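Peer 1: Our numbering puts the first residue of the sequence shown at 937, with every later residue one more than the last.
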Amino acid sequence: MPARKIPVCAPSLQGNEERYVLDALRSSWISSSGRYLDEFEEKFAACVGLRHATACTSGTAALHLALLAAGVGPGDEVILQNFTMIATAFALCYCGARPVLVDNEPRTWNMDPGKIEERIGPRTKAILVAHVYGHPADMDPIIRIARRRGLVIIEDAAEAHGARYKGRMCGSLGHVSVFSFYANKIITTGEGGMVLSDDKEIIRRARYYKNLCFPLTGPRRYEHEDVGFNYRMSNLQAAIGLAQLERIEHYLACRRRNARLYNEFLGGIPWLHRPPEEAWAKNAYWMYGVILDEEAPLSREELMRRLSRDGIETRPFFTPLHAQPALKKYGVKARGGFPVSRRLGERGFYLPSGSALTKEEISFVCRRLKAALT
Ligand SMILES: *Cc1c(COP(=O)(O)O)cnc(C)c1O
């Protein structure tokens, strides 16, 4: 048994983080302007392959800004997958919009493109797609539907830095996209997020809303036309982000190596389904998730408890949106049975997935899993 606990996902900060943060601190540019912010926005946009970006305080704030910038407002309906992290849905609530839930599909664990059209109505404004756990959603059919029906596509790529769909970067496939830099994401700024687009106007609007809707031009500096937010990222956070971004290829390679080792070691273990990777996909493996069969000799909760006794941290999958009390109170009507997302929520959990895991740790996790299941 390893001496230390194996965390489910710890950040790895072994590059220029300390040097850049100290430099920013000593320069006294510690608030929401500075060269690290400019450079982080510019380089992250280039990494995703887009022209414009604005950094903000979190992935959740980035979602809110993206929706505001895309013109989603009160009464608008937005198509959303039932299985995703809660922030994807909350951002719609902040705008007064109505989430319209569709089930996920078993191939990708993401939005089922075949379930979208039947939920489109006269008030539908946008499709909000999340790439869950690092596997891209099947975007081509979604893009075709959006074009035909005149809908905006907003990509929640908070879990999918560096993931690719048919060779194209996740986060570059819709009209506007968002990323999170929370501590457990593939790269981090501690807390933070970004909104990106090729549409200059969208990013201009996102910047406007994130900075309290200060007027962009004109002499009346303190006269505000709209209700804004303070969602500004600091130069200190961006200093961490820039250092992280310099090593993003390394972190992605670590994630994919983790998955390769898990796939290999878990091969012979009964009742356990490994995460998807479609032929057209490059999964970023933000989290290495598995599904435990109904026929398994012990429950998911019991299995997670046993692993925890061995010092192995795990987490259950997200609770689907149709079962979230907050959304029921908000008035989200969940039509449909949601068999796929329901099963993911009930049977899925993820194993330690951080970039700093060693081969020995992964092998230990798999041996303990095997011991519990056979
Ligand atoms: C993490 C995450 C968010 C929220 O990001 P924060 O930075 O934690 O606010 C939004 N959507 C998805 C899919 C996420 O995984």
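Glycine included, C-beta positions come from ideal geometry on N, C-alpha and C. This structure is a prediction, so every number in the text was calculated from the model and none was measured.
Could you tell me which residues DSSP puts in a beta bridge with D1092?
Peer 2: Note: D1092 sits in a beta bridge opposite A1066 and V1114.
Peer 1: Just the C-alpha distance for L1132 and R1271, rounded to the nearest angstrom, thanks.
Peer 2: Their Cα atoms are separated by approximately 32 angstroms.
Peer 1: Specify, as a first and last residue, the run of the alpha helix (DSSP H) that F1300 falls within.
Peer 2: From DSSP, the alpha helix (DSSP H) with F1300 extends over K1295 to L1309.
Peer 1: Under 8 angstroms between the Cβ atoms of A1025 and Y1145?
Peer 2: No; because the gap between Cβ atoms is not below 8 angstroms, this pair is not in contact.
Peer 1: If you count every other CB in all the chains shown that lies within 10 Å of the CB of P1275, and 16 or more means buried, which is it?
Peer 2: With fewer than 16 Cβ atoms within 10 Å of its Cβ, P1275 is classed as exposed.
Peer 1: Just to confirm, is the Cβ distance from F1019 to L1178 under 8 angstroms?
Peer 2: The answer is no: Cβ separation not under 8 angstroms.
Peer 1: Pull up the distance between the alpha-carbon of A1082 and that of P1035, whole angstroms please.
Peer 2: When rounded, the distance between both Cα atoms is 16 angstroms.
Peer 1: With distances taken between CB atoms, is the gap from I1063 to I1089 smaller than 8 angstroms?
Peer 2: Closer than 8 angstroms, so yes.
Peer 1: Between the C-alpha atoms of V1014 and A1308, what's the straight-line distance to the nearest angstrom?
Peer 2: The alpha-carbon atoms of V1014 and A1308 are separated by roughly 43 angstroms.
Peer 1: On the DSSP bridge assignment, give the partners of M1021 in chain order.
Peer 2: According to DSSP, M1021 bridges with nothing at all.
Peer 1: What do you reckon, are the CB atoms on F1165 and S1299 nearer than 8 angstroms?
Peer 2: No, they are not a contact pair.
Peer 1: When you compare each of A1175, A1217, R1242 and E1297 to A960 by their alpha carbons, which one comes out closest?
Peer 2: For the residues A1175, A1217, R1242 and E1297, the minimum Cα distance to A960 belongs to A1175.
Peer 1: I'd like the span of the alpha helix (DSSP H) that includes G1281, first residue to last.
Peer 2: P1275 to R1283 is the span of the alpha helix (DSSP H), which, as asked, contains G1281.
Peer 1: Quick check on I1078: does DSSP put it in helix, strand or coil?
Peer 2: Here I1078 sits in helix by DSSP.
Peer 1: So for N1133, helix, strand or coil by DSSP?
Peer 2: The residue asked about is misnamed: residue 1133 is Ser in this sequence, not Asn. Residue state, collapsed to three classes: strand.
Peer 1: Beta carbon of L1118: closer than 7 angstroms to some heavy atom of ligand 1?
Peer 2: The sequence shown places Tyr at residue 1118, not Leu. Indeed, a heavy atom of ligand 1 lies less than 7 angstroms from the Cβ.
Peer 1: To the nearest angstrom, report how far apart N1147 and E977 are at their CA atoms.
Peer 2: Going by the C-alpha atoms only, they are around 16 angstroms apart.
Peer 1: Between the Cα of D1076 and the Cα atoms of R1059, G1098 and S1108, which residue gives the shortest distance?
Peer 2: Answer by Cα proximity: S1108.
Peer 1: Between R1085, C983, G1032 and G970, which lies nearest to Y956 when the distance is taken from Cα to Cα?
Peer 2: It is G970.
Peer 1: Under 7 angstroms: does the beta carbon of D1135 sit that close to some heavy atom of ligand 1?
Peer 2: Every heavy atom of ligand 1 is 7 angstroms or more from the Cβ of D1135, so no.
Peer 1: With which residues is R1034 paired in a DSSP beta bridge?
Peer 2: Looking at the DSSP assignment, R1034 forms a beta bridge with E1013.
Peer 1: Can you name the residues that DSSP bridges to A1217?
Peer 2: Y1101, per the DSSP bridge assignment.
Peer 1: Please check the pair A1027 and H1000, which I expect to be a contact at CB under 8 angstroms, by giving their CB distance rounded to whole angstroms.
Peer 2: With 8 angstroms as the limit, A1027 and H1000 qualify as a contact, their Cβ atoms being about 5 angstroms apart.
Peer 1: Mind reading off the beta-carbon distance from K1121 to A1094? Whole number of angstroms is fine, and I expect it under 8 angstroms.
Peer 2: Confirmed, Cβ separation roughly 7 angstroms.
Peer 1: Kindly indicate the opening and closing residues of the alpha helix (DSSP H) around A990.
Peer 2: Correcting the residue identity first, residue 990 is Thr in this sequence and not Ala. Note, T990: premise wrong, no alpha helix (DSSP H); beta strand (DSSP E) at H988 to C992.
Peer 1: Can you tell me whether T1124 is buried or exposed? The criterion is at least 16 other CB atoms within 10 Å of its CB, across all chains shown.
Peer 2: T1124 should be labelled buried.
Peer 1: Can you grab the Cα-Cα spacing for the pair I1078 / E1282, in whole Å?
Peer 2: Computed Cα separation, rounded: 26 angstroms.
Peer 1: At the level of alpha carbons, what is the spacing between C1106 and G995?
Peer 2: About 15 angstroms.
Peer 1: Compute the beta-carbon to beta-carbon distance between P1211 and V1226, rounded to the nearest angstrom, for a pair I have assumed lies under 8 angstroms.
Peer 2: 7 angstroms between Cβ atoms; contact.
Peer 1: Please return the same chain residues whose Cβ sits closer than 8 angstroms to the Cβ of W1207, not counting the five positions on each side in sequence.
Peer 2: Here the set comprises L1228, D1229, E1231, A1232, P1233 and L1309.
Peer 1: Given 7 angstroms as the limit, tell me if T1020 has its C-beta closer than that to any heavy atom belonging to ligand 1.
Peer 2: Checking the Cβ of T1020 against ligand 1 gives yes.
Peer 1: N1336 and H1067 look like a contact to me (Cβ under 8 angstroms); what is the Cβ gap, rounded to whole Å?
Peer 2: In this structure the chain extends from 937 to 1310, so residue 1336 is not present and cannot be described.
Peer 1: Confirm the yes/no value for this check: CB of L999, any heavy atom of ligand 1, distance under 7 angstroms.
Peer 2: Answer for L999: yes, Cβ within range of ligand 1.
Peer 1: How far does the beta strand (DSSP E) with I1227 in it reach, from first residue to last?
Peer 2: It spans Y1224 to L1228 - the beta strand (DSSP E) in which I1227 sits, taken as one unbroken run.
Peer 1: Is it the case that the CB of A1025 approaches a heavy atom of ligand 1 more closely than 7 angstroms?
Peer 2: Not under cutoff, so the answer is no.
Peer 1: Just to confirm, does G1129 get its C-beta within under 7 angstroms of one of the non-hydrogen atoms of ligand 1?
Peer 2: For ligand 1, at least one heavy atom lies less than 7 angstroms from the Cβ of G1129.
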